[in-house]
Amino acid sequence: VFASRDGGATWGEPALPGMWVEGLTVSPAYELDGTIFAATGNGIYRSSDYGRTWERRNEGVSNRIISAIAVSPDYRRDGTVFAGTRGGYGAGVFKTTDKGETWTQVNTGILDTVEHASVWALAVSPNYAADGTIFAGLFYNSGLFRTTDGGAHWTRVIPKGDIFAVAVSPDYANDGTVLAAAQGDGLYRSRDRGDTWKKVLSENAAKYIYAVSFSPNYAEDRTIYAAAGAGGMFNSPGKGGLWASTDGGSAWKKLSPAATVLSLEAIAVDPSDPNHLFLGSCANGVWEHADEE
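Sequential numbering from 9 applies to the sequence shown in the numbering used here.
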């Protein structure tokens with residue numbers, strides 16, 4: 009894990025050196041509590057001092073290959089975090105309500121529906137305190153699951169596909185919008201909280217979408233970003249890149265940050281400027297992108 013404290017201009021020495029890090033999630037009250045969780049190939053790590061030091065927090069987690077992690081928008085009050093594990097014994101979704109001290113498996117409706125509960129993506133509703141909604145994207149052609157009771161029970165809302173990325177609209181309470189990217193099958197959108205889905209970005213344009221993100225001002229600007237990868241062919245021109253929509257996902261344009269970036273796998277949107285992005289690539293480092301309005 010690398011940290012920059014000057015807007016990405018410079019980066020410090022890595023924390024958790026040599027660790028395979030699948031994902032990071034930051035407390036919504038980060039300025040106050042300095043909390044970050046890391047999903048790694050050796051369990052769940054937590055930092056409470058802005059990423060300077062880390063401690064492993066795995067009590068109750070039976071599978072240490074953590075492939076997804078997401079924090080409650082009310083984390084400072086409810087201490088809730090969800091973690092997804094990949095394949096094998098103890099796979100599925102785990103939940104903590106004490107800020108990572110202890111974890112409980114919450115898989116009712118998942119493990120009795122699919123054989124391999126490998127969770128690749130998690131997204132929590134911004135209104136979690138009121139609606140208890142989380143989405144979990146699974147691999148092994150297992151589709152997308154939704155819970156509306158904080159993880160106690162799950163229902164499959166996309167019946168098949170390998171779901172690499174999921175995102176919930178910041179205005180979810182009003183628009184009910186969710187995005188889900190399926191490996192090799194483009195990007196899907198729901199406008200009714202996951203009940204029905206429509207493909208909005210074809211696999212012919214962006215076959216392997218590894219990350220999707222809404223603008224923080226989505227209610228006003230209707231902007232969505234999708235990061236496309238090369239599907240394992242990292243030197244195949246045209247396979248990867250950044251895509252953007254400014255009408256809620258109906259129309260898209262490609263905004264590749266540089267011709268040399270062939271495979272993008274992560275997006276971070278500046279909360280103060282939705283046109284300012286940081287992009288994580290495969291084998292090409294971190295890129296900064298500022299779209300001109």
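All residues carry an ideal CB built from backbone N, CA and C; glycine is no exception.
Using 8 Å as the cut-off, can you tell me whether the region 9-25 makes contact with the region 75-95, which would need three or more C-beta pairs spanning the two stretches below that distance?
Touching, no.
Can you list, in chain order, the residues of its chain whose CB lies under 7 Å from that of D106, leaving out five sequence neighbours each side?
Excluding positions up to five away in sequence, the list reads G87.
Quick one: grab the DSSP three-state call for R357.
Outside the modelled stretch of the chain, which goes from 9 to 301, sits residue 357, for which no answer is possible.
Rounding to the nearest angstrom, what Cα-Cα distance links K103 and T93 in this structure?
Approximately 11 Å, taken between the alpha carbons.
Could you check which residue in R230, G49, K261 has the C-alpha nearest to that of A213?
Of R230, G49, K261, the residue nearest in Cα terms is K261.
Which partner residues does S198 have in the DSSP bridge list?
Answer by DSSP bridge pairing, in chain order: V186.
Per the DSSP calculation, L32 is bridged to which residue(s)?
According to DSSP, which records beta bridges pairwise, L32 is partnered with A46.
If you reduce the DSSP assignment to three classes, tell me which class A76 lands in.
Strand.
Going by DSSP, name the residue or residues bridged to Y53.
A46, R64, per the DSSP bridge assignment.
In angstroms, rounded to a whole number, what distance separates the CA positions of M27 and A11?
The straight-line gap from Cα to Cα measures roughly 15 Å.
R60 and G108: beta carbons closer than 7 Å?
Cβ atoms of R60 and G108: not closer than 7 Å.
According to DSSP, simplified to helix, strand and coil, what is Y58?
Coil at Y58, not helix or strand.
In the DSSP output, what is Y216 paired with across the bridge?
According to DSSP, Y216 bridges with G237.
Any contact between the region 152-161 and the region 130-143? By contact I mean 3 or more CB pairs, one from each, below 8 Å.
Judged by Cβ distances under 8 Å, the region 152-161 makes contact with the region 130-143, as three or more pairs qualify.
Nearest by alpha-carbon distance to G192: which of I52, S35, Y216 is it?
For the residues I52, S35, Y216, the minimum Cα distance to G192 belongs to Y216.
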